[in-house]
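Only one structure is covered here, and it is reproduced in the block below.
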Amino acid sequence: METYLRDIMAALGRLGVGNHALVHQSSLGLHSETEAIATKGQALHITRVAVWLRVLFTPLSPTFPLHLRRLLKTYQPDLLHLHLPNVSAFWVLFIPAARRLGWTIHWHSDVPLSEHKTALRLFYRLYRPFETALLRGATRVITTSPSYLESSAPLAPFRNKCGVVPLGIDPTYLGEPPEAGDDHNGPALKVLAVGRLTYYKGFEFLLRAASTVEEVRVDLVGSGELAGSLQDLARELGVEERVTFHSEVSGEELQSLLGACDLVCLPSIERSEAFGLVLLEAMYFRKATVASKVPGSGMSWVVTAGETGELCEPGNADDLAGQLRNLAADRDKIRRLGLAGRKRFDQLFHIDQSAAALLAEFTGILSERNPGNV
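Take a look at the structure:
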């Protein structure tokens with residue numbers, strides 16, 4: 001969400017839309033700050049509010065409503081654009097100035113009610129009434145893919161106010177991808193996987209698939225609570241020589257890995273993976289993609305099976321291995337998928353397209369509120 005927020009603020013700014021982001025600090029502490037970040041000839045105005053505690057991955061920020069009230073008074077926005085899930089967004093329900101202004105919700109995902117996270121399911125019982133009130137009060141709800149909208153239970157009663165604006169990325173941060181003809185033709189199938197090392201990402205199944213396809217070499221980029229167990233699994237499966245773990249990489253290093261790989265794999269097993277921005281990065285780099293067809297996730301909408309990539313059954317290492325094996329034997333297909341992916345990126349997933357669609361939504365909302373003044 002952080003990368004998209006940076007990119008969409010800049011892209012909207014280029015379209016003449018002023019904006020100020022009110023977000024949480026990334027680390028715990030008592031200090032809040034407001035800054036203007038220079039990017040591409042403009043300043044992104046951001047207030048980062050202190051986070052005192054995190055409970056179930058949820059930042060608790062008692063001073064958030066104070067900063068929200070202050071910005072409503074000093075910045076005087078025309079619209080509130082709330083990104084969910086985010087417990088601090090609920091404060092708009094209790095601030096009269098926010099209620100008078102109204103809000104648009106950007107629905108990035110449902111609260112992930114995994115069967116593996118009992119505490120989170122209990123927490124959602126407290127969260128849901130506020131979520132419903134926020135949806136009821138929203139002028140518009142923007143989702144990121146048709147498949148996610150269709151499968152979202154919380155959004156079902158509010159479909160009449162929902163629309164779809166796909167996420168996008170700003171490719172200028174990624175640099176220029178290599179020419180399609182520069183792809184290597186060696187015997188190894190170089191697979192890149194990027195993401196937090198947590199259970200729903202499904203990296204365990206990628207390692208198990210790699211253990212049965214000798215041509216596969218994996219670069220796994222990310223950190224998280226499963227780092228140690230995934231490294232242990234690689235040794236147990238005997239693929240430690242074919243899997244390279246990168247805990248943290250710079251932007252330049254990620255670009256290099258994207259340029260060097262044959263395909264990008266996102267083997268997530270739950271709808272917690274609502275979209276998969278790394279798939280867009282792969283498509284921009286003309287790389288084939290392999291993702292899980294998790295029911296209701298946006299992944300199977302982002303990736304067009306057989307055209308820009310392939311889809312496999314979530315949590316099924318054998319199915320994933322079969323897809324990798326087939327691609328390893330057909331380098332021409334890998335190249336075709338990558339070229340088609342770049343075409344789909346250019347059509348749908350550039351950040352400027354996302355910004356233009358959001359501006360149209362915002363303009364429509366303001367026109368309804370103030371006919372003749374927009």
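Last residue of the sequence shown: 374 in full-length UniProt numbering, with the numbers rising by one and none dropped.
For every residue, glycine included, the Cβ atom is placed at its ideal position computed from N, Cα and C.
Checklist entry - Does DSSP put SER27 in a helix, in a strand, or in coil? => result Of the three classes helix, strand and coil, the one that applies to SER27 here is strand, per DSSP.
Checklist entry - Just how far apart, CA to CA, sit GLU176 and ALA274? => result The C-alpha of ALA274 is placed about 27 Å away from the C-alpha of GLU176.
Checklist entry - Hey, how far is the Cα of CYS265 from the Cα of LYS73? => result LYS73 has its alpha-carbon roughly 46 Å from the corresponding atom of CYS265.
Checklist entry - Going by the CB atoms, is the gap between LEU258 and PHE285 shorter than 7 Å? => result Yes, Cβ-Cβ distance for PHE285 and LEU258 is below 7 Å.
Item to check | Which residues DSSP lists as bridging SER292, in chain order | outcome: Looking at the DSSP output, SER292 bridges to CYS312.
Checklist entry - Nearest to VAL49 by CA position, among ALA21, PRO171, LYS117 and PHE245, is which residue? => result It is ALA21.
Checklist entry - Counting pairs of beta carbons, one from the segment 54 to 73 and one from the segment 93 to 103, are three or more of them closer than 8 Å? => result The way I'd put it, the segment 54 to 73 does touch the segment 93 to 103; three or more beta-carbon pairs between them come closer than 8 Å.
Checklist entry - Between which two residues does the beta strand (DSSP E) harbouring ASP219 extend? => result Where ASP219 is concerned, the enclosing beta strand (DSSP E) starts and stops at 216 to 221.
Checklist entry - Is HIS67 helix, strand or coil by DSSP? => result Under the three-state reduction of DSSP, HIS67 is assigned to helix.
Checklist entry - Apart from the five residues on each side of it in sequence, which residues of its chain come closer than 6 Å, Cβ to Cβ, to THR47? => result Result list for THR47: LEU22, THR34 and HIS67, in chain order.
Item to check | Beta-carbon proximity of GLN323 to GLU310, cut-off 7 Å | outcome: With respect to the 7 Å criterion, GLN323 and GLU310 are classified as neighbours on the basis of their beta carbons.
Checklist entry - So what's GLY364 in DSSP terms, helix, strand or just coil? => result The DSSP-derived three-state label of GLY364 is helix.
Checklist entry - Grouping DSSP H, G and I as helix and E and B as strand, with all else coil, what is LYS117? => result DSSP places LYS117 in coil when its eight states are reduced to three.
Checklist entry - Contact between the segment 116 to 123 and the segment 137 to 155: three or more CB pairs below 8 Å? => result No: fewer than three Cβ pairs fall under 8 Å.
Item to check | C-beta contact flag for PRO216 and VAL194 at 7 Å | outcome: First, the amino acid is wrong: residue 216 is Val here, not Pro. Contact: no.
Item to check | Local conformation of PHE245 per DSSP, three classes | outcome: Of the three classes helix, strand and coil, the one that applies to PHE245 here is strand, per DSSP.
Checklist entry - If you follow the beta strand (DSSP E) that GLY163 is part of, which residue opens it and which one closes it? => result First-last of the beta strand (DSSP E) with GLY163: 162 to 164.
Item to check | Nearest candidate by alpha-carbon position, reference residue 375, set GLY202, PRO59 and PHE158 | outcome: Outside the displayed range of the chain (1 to 374) lies residue 375, so it cannot be described from this structure.
Checklist entry - Below 7 Å between beta carbons: does that hold for GLY224 and THR244? => result Their beta carbons are not under 7 Å apart, which means GLY224 does not touch THR244 by this criterion.
Next on the checklist: Check whether the segment 162 to 177 and the segment 354 to 367 touch, using three or more Cβ-Cβ pairs below 8 Å as the test.
Outcome noted: Yes: at least three Cβ pairs fall under 8 Å.
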